[in-house]
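**Q**
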Amino acid sequence: MLFDRRAQSIVEYIVILAILVSLVGGALWQVFVSLQGKFNDVNAEIGS
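Residues in the sequence shown are numbered consecutively from 2, following my numbering.
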């Protein structure tokens with residue numbers, strides 16, 4: 002391989018950053034879905 006150490010560390014940094022972004026995004030998505038469910042329950046109670 003023609004990668005030097007700096008290029009390899011950049012790739013590792015990008016991979017770690019992508020993993021962190023996906024984890025944070027998944028957590029935020031779960032929060033959003035649960036909040037959406039709660040708002041739907043509230044709207045159903047108001048509408049009834």
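Idealized CB from N, CA, C, for every residue including glycine. Keep in mind the model is a prediction, meaning the values are calculated, not measured.
Do you know offhand how far A45's Cα is from K39's?
**A** Here residue 45 is taken as the residue at index 44 of the sequence shown, counted from 1. Here residue 39 is taken as the residue at index 38 of the sequence shown, counted from 1. So the two alpha carbons sit approximately 10 Å from each other.
**Q** To the nearest angstrom, report how far apart I11 and W30 are at their CA atoms.
**A** As a working mapping, residue 11 is identified with position 10 in the sequence shown. As a working mapping, residue 30 is identified with position 29 in the sequence shown. Answer to the nearest angstrom: the Cα atoms are 28 Å apart.
**Q** In whole angstroms, give me the CA-to-CA distance for I17 and G26.
**A** One-based indexing of the sequence shown puts residue 17 at position 16. One-based indexing of the sequence shown puts residue 26 at position 25. The alpha-carbon atoms of I17 and G26 are separated by roughly 14 Å.
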